[in-house]
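Protein chains in written order, with my numbering: chain U, -13 to 202; chain R, 8 to 17.
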Amino acid sequence: NIFRILADLSHLASIVILLETIRKARQIDGISLKTQILYVLVFCTRYLDLLTFRWTSLYNTLMKFFFIGTSVYVVKLMQDCKLTNPVSYKDMMFRDTFQIKYLLGPCALLALVFNYKFTVLELCWSFSIWLESVAILPQLFMLSRSGKASTLTTHYIFALGLYRALYIPNWIWRYYSENRLEKLSIFTGLLQTALYSDFFYIYYRKVMKGRGFELP
Amino acid sequence: KEEEVEHDEL
């Protein structure tokens, strides 16, 4: 359906914006390495089904490879910055101080409690879905600490947030058209979108009106 | 045969 397509396109756009930002500007100011590492973990644990060869569609498979590949590539580009632009790297590390153990632990526990089946594949899938819902927190934390961000960085975060937000009408659509109700995805999707709500508000008030992102 | 959980979303 249209919402699902738009959501996936928005997700793709966010990654393209991020890659272009890092490659063109050759600096990583305002981008959280921790959030990017969490995304590598999210995609690697979510798409383990690639190994079972039980593919749903060519579209899904290509997207899965794309998300795993680009998330690893982003981390590599950011690590490269240590040599090519050490000032920018140091500055990023200085601000990227969110303790991700407070996300990983609870997500692992939640995956053990809430899952569709107690198998390795399903536990990893559930872990990834919980972790994705909070993976942006180090990035948002960094943003709130520095109080401002480059316009491109805010476009990246917006596109990334929009992706999960668009999955919500997609789930409503699927509930009516296929009678399908994936409770875990829906709950974590709502949680994820809620975490972005504050950011969305500021993005709407400032960036969309051409004023640049700055926190009050 | 055991039922598989289908995840067709990304």
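The beta-carbon is built from N, C-alpha and C at its ideal position, and this holds for glycine as well.
Residue-chain proximity (residue i, chain R), Cβ-Cβ < 8 Å
i: Thr42 of chain U; result: yes
i: Asn46 of chain U; result: yes
i: Tyr102 of chain U; result: yes
i: Asp82 of chain U; result: no
i: Met78 of chain U; result: no
i: Ser163 of chain U; result: no
i: Ser74 of chain U; result: no
i: Glu111 of chain U; result: According to the sequence shown, residue 111 of chain U is Trp rather than Glu. It does: the Cβ of Trp111 of chain U has a partner Cβ on chain R nearer than 8 Å.
i: Met207 of chain U; result: Absent from the model: residue 207 of chain U. The displayed extent of chain U is -13 to 202, so no value can be given.
i: Ser132 of chain U; result: no
i: Met194 of chain U; result: no
i: Val99 of chain U; result: no
i: Ser171 of chain U; result: yes
i: Asp35 of chain U; result: yes
i: Met49 of chain U; result: yes
Same chain, Cβ closer than 6 Å to residue i, neighbours up to 5 away in sequence not counted
i: Ala151 of chain U; result: Thr179
i: Glu118 of chain U; result: Val28
Beta-carbon proximity check, residue i vs residue j, cutoff 8 Å
i: Ile1 of chain U; j: Leu63 of chain U; result: no
i: Leu34 of chain U; j: Thr47 of chain U; result: no
i: Leu170 of chain U; j: Phe100 of chain U; result: yes
i: Ile14 of chain U; j: Tyr88 of chain U; result: no
i: Leu53 of chain U; j: Trp159 of chain U; result: Correcting the residue type first, residue 53 of chain U is Phe in the shown sequence and not Leu. No, these two residues do not count as a Cβ contact at 8 Å.
i: Ala145 of chain U; j: Ala(-1) of chain U; result: yes
i: Asp77 of chain U; j: Leu17 of chain R; result: no
i: Thr174 of chain U; j: Ile86 of chain U; result: no
Same chain, Cβ closer than 8 Å to residue i, neighbours up to 5 away in sequence not counted
i: Phe207 of chain U; result: An answer regarding residue 207 of chain U cannot be provided, because it is not within the stretch -13 to 202 covered by chain U.
i: Thr137 of chain U; result: Val193, Gly198, Phe199
i: Ser79 of chain U; result: The sequence shown places Met at residue 79 of chain U, not Ser. The residues are Leu19.
i: Gln22 of chain U; result: Ser57, Val60, Val61, Met64
Own chain, CB closer than 7 Å to residue i, minus 5 neighbours either side, in chain order
i: Val26 of chain U; result: Ser57, Val58, Val61
i: Cys110 of chain U; result: Thr31, Leu34
i: Leu(-8) of chain U; result: Leu152
Contact with chain B by residue i, beta-carbon distance below 8 Å
i: Glu118 of chain U; result: This model lacks chain B altogether, as its protein chains are U and R.
Inset, instruction - Could you tell me whether the stretch 108 to 123 of chain U touches the stretch 179 to 191 of chain U, where touching means 3 or more Cβ pairs closer than 8 Å? - result: yes
Inset, instruction - Assess, as a yes-or-no matter, whether the stretch 128 to 143 of chain U is touched by the stretch 24 to 38 of chain U under the definition of 3 or more beta carbon pairs within less than 8 Å. - result: no
Legend entry - Contiguous alpha helix (DSSP H) assignments of at least 4 residues, all confined to the stretch 78 to 111 of chain U: 87 to 99
Inset, instruction - Mind the definition here: the stretch 39 to 48 of chain U touches the stretch 95 to 108 of chain U only if three or more C-beta pairs lie below 8 Å; say whether that holds. - result: no
Inset, instruction - Identify every run of the alpha helix (DSSP H) within the stretch -5 to 64 of chain U, keeping only runs that are complete inside it and at least 4 residues long; order them along the chain. - result: 19 to 32
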